[in-house]
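Colleague: Using my numbering, read the sequence shown as starting at 2 and increasing by one per residue. Cβ coordinates follow ideal geometry from the N, Cα and C atoms, glycine included. Below is the structure I would like to discuss, written out as structure tokens.
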Amino acid sequence: MSEPKGAGGAWTEERRRSDEGRSRPQGGREASEPVSRAAELFTARFGASPDGVWRAPGRANLMGEHTDYNQGFVLPFALGQGIAAAVARQPGPPSQAGRPGWSGRRLVLCSAQEPGARVEVELDGLAPGQVTGWAAYPAGVAWALETAGYRLPGACLAIDSDLPAGAGLSSSAALECAAALALTELAGLDIGRPELAAIAQRAENEFVGVPSGIMDQSASLLGQREHALLLDCRSLETAQVPFDPAAAGSRLLLINTRAEHDLTTGAYGRRRAECERAARELGVPSLRYLTNPADVERLADPVLRRRARHVVTDDQRVLAVVALLTRAAPDAYPRIGLLLTQAHESLRDDFEVSWPQADAAVDAALTAGALGARMIGGGFGGSVLALVRDGAAGPVRAAVADAFARRSWVAPEFLEAVPSARAGRVE
Ligand code: ADP
Ligand code: MG
């Protein structure tokens, strides 16, 4: 794969200067590594060459958190890091082919990041609840595709990744999207990407049991290099927004706080319920319909007022960022930085979904000169996104690492975020 424009230069210098806290490839330049490793894993595990290798990126969300289920706006972008799936359409490992009851419609799955035994999933009669653990994501995609009326062949999949799992960078959606593209393209099925995103979301919601929105799969399947994806969660319309921080002398730094988020815990559901109650009390179908933050002051309950204020102001921040990027104003990036920090304060104080490591990372990043920073994802764990001027990433990384060390927290992991290309076949 080609290197994303603007991902070299100063960053490479900084990487040479400090490797502290860094354990994974940065940016998109090494994106081919998981691809070749997945192909090698396939050959080692299945004793044959794959028919092809597909790759799907993770995502970071520039702006719009907890706005998706309120029918509002989100602005994610595809990362250079992602998940590769080496896949072959075949009835299974040769040793299984003569087995009694062998239907040939079986998924055989292995992952370099899950070094246990491979997982075998019978496609006939597949239903939610039958597969647990990591294999539920690709199996869920097969289930959702078949439920939508598409028939798949049996296949072997070998997975490798340079995207940390559970860091709020959507490794789950990347895994689903890599599997979805591989299985459908091998089967000769021509499915539009918005439909495929909905199918992958259904896999995550109904098969895995995580109540997430459509943002992650949309970013992975529709993202474009040097662009962010504006997604209107009411109409499901999308628009590509030019987003190339490197060209404007800036960098995006992801800080994996290594506090693992867990969307299945109750807090996410409680926030959703609070937003629904707030919308009901304000007489609107969803909080998206409110465009003036003053409208939420009519809510009697101070907690609902804070929740609604976050959602309404975050929708406004998405649109403000889109306007700045579209106009390409000279001060666009400093202003986006301020909006990022405001969003963090809103998520921390009004929506109350931040966590101590995220607050400390944001504070340290700002003190060290970041243009802005905020937690991303659903909250209670995951990553922080910081916008920094060229040359400032090193001091920001050092300040964040130091803040964590002083509190005896597990060292954070740093990744460069470069708005990158969507999922697709790479070999
Ligand atoms: P996130 O999407 O933020 O990374 P999730 O909890 O939604 O976090 O998804 C993480 C899960 O996705 C992991 O626990 C694992 O089940 C699965 N997963 C992610 N990456 C891989 C991988 N490389 N191989 C196998 N499973 C993976
Ligand atoms: Mg996820």
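Indicate the three-state DSSP secondary structure (helix, strand or coil) for A118 in the structure shown.
Modeller: strand
Colleague: What's the C-alpha gap between A204 and I215?
Modeller: 11 Å
Colleague: Leaving out five residues on either side along the sequence, give the residues of the same chain with a beta carbon under 7 Å from the beta carbon of A137.
Modeller: So the qualifying residues of the chain are F208, V209.
Colleague: To the nearest angstrom, how far is the alpha carbon of E196 from that of V109?
Modeller: 25 Å
Colleague: Helix, strand or coil: how does DSSP classify L507 here?
Modeller: Not covered by the structure: residue 507. The range shown for the chain is 2 to 428.
Colleague: For V242 and G224, I'd like the C-alpha separation in whole angstroms.
Modeller: Distance between the alpha carbons of V242 and G224 is about 10 Å.
Colleague: Kindly indicate the opening and closing residues of the beta strand (DSSP E) around S50.
Modeller: Counting along the chain, S50 falls outside any beta strand (DSSP E), and DSSP gives it neither H nor E.
Colleague: Between which two residues does the beta strand (DSSP E) harbouring C157 extend?
Modeller: 156 to 162
Colleague: With DSSP as the reference, label R426 as helix, strand or coil.
Modeller: strand
Colleague: Is the Cβ of G395 closer than 9 Å to any Cβ of chain D?
Modeller: Here there is only one protein chain, and chain D is not present.
Colleague: Need the endpoints of the beta strand (DSSP E) that I84 sits in, please.
Modeller: 77 to 90
Colleague: Which word fits G382, buried or exposed, when buried means at least 16 other C-beta atoms lie within 10 angstroms of its C-beta?
Modeller: buried
Colleague: Less than 9 Å separating the beta-carbons of L1 and V75?
Modeller: This structure cannot speak to residue 1, because the chain is shown only from 2 to 428.
Colleague: The ligand ADP heavy atoms versus the CB of W144: any closer than 8 Å?
Modeller: Relative to the non-hydrogen atoms of the ligand ADP, the Cβ of W144 never comes closer than 8 Å to any of them.
Colleague: Per DSSP, what kind of secondary structure is R152 in: helix, strand or coil?
Modeller: Looking at R152 - three-state DSSP - the assignment turns out to be coil, as it is neither helix nor strand.
Colleague: Given S236, which residues of its chain have a CB within under 7 Å of its CB, disregarding the five upstream and five downstream residues?
Modeller: none
Colleague: Would a C-beta distance cut-off of 9 Å place E66 and R375 closer than the cut-off?
Modeller: yes
Colleague: Who pairs with D233 in a beta bridge, going by DSSP?
Modeller: F74
Colleague: Confirm the yes/no value for this check: CB of D260, any heavy atom of the ligand MG, distance under 8 Å.
Modeller: Going by the sequence as given, residue 260 is Ala instead of Asp. Outside the cutoff, so no.
Colleague: So who's on the other strand from C111, going by DSSP bridges?
Modeller: A159
Colleague: Note down, in chain order, each residue of its chain lying with its Cβ closer than 6 Å to the Cβ of Y269, except the 5 sequence neighbours on either side.
Modeller: G379
Colleague: Compute the Euclidean distance between the alpha carbons of W356 and R308, then round it to the nearest angstrom.
Modeller: Cα to Cα, the separation comes out at about 17 Å.
Colleague: For F43, does the three-state DSSP call read helix, strand or coil?
Modeller: helix
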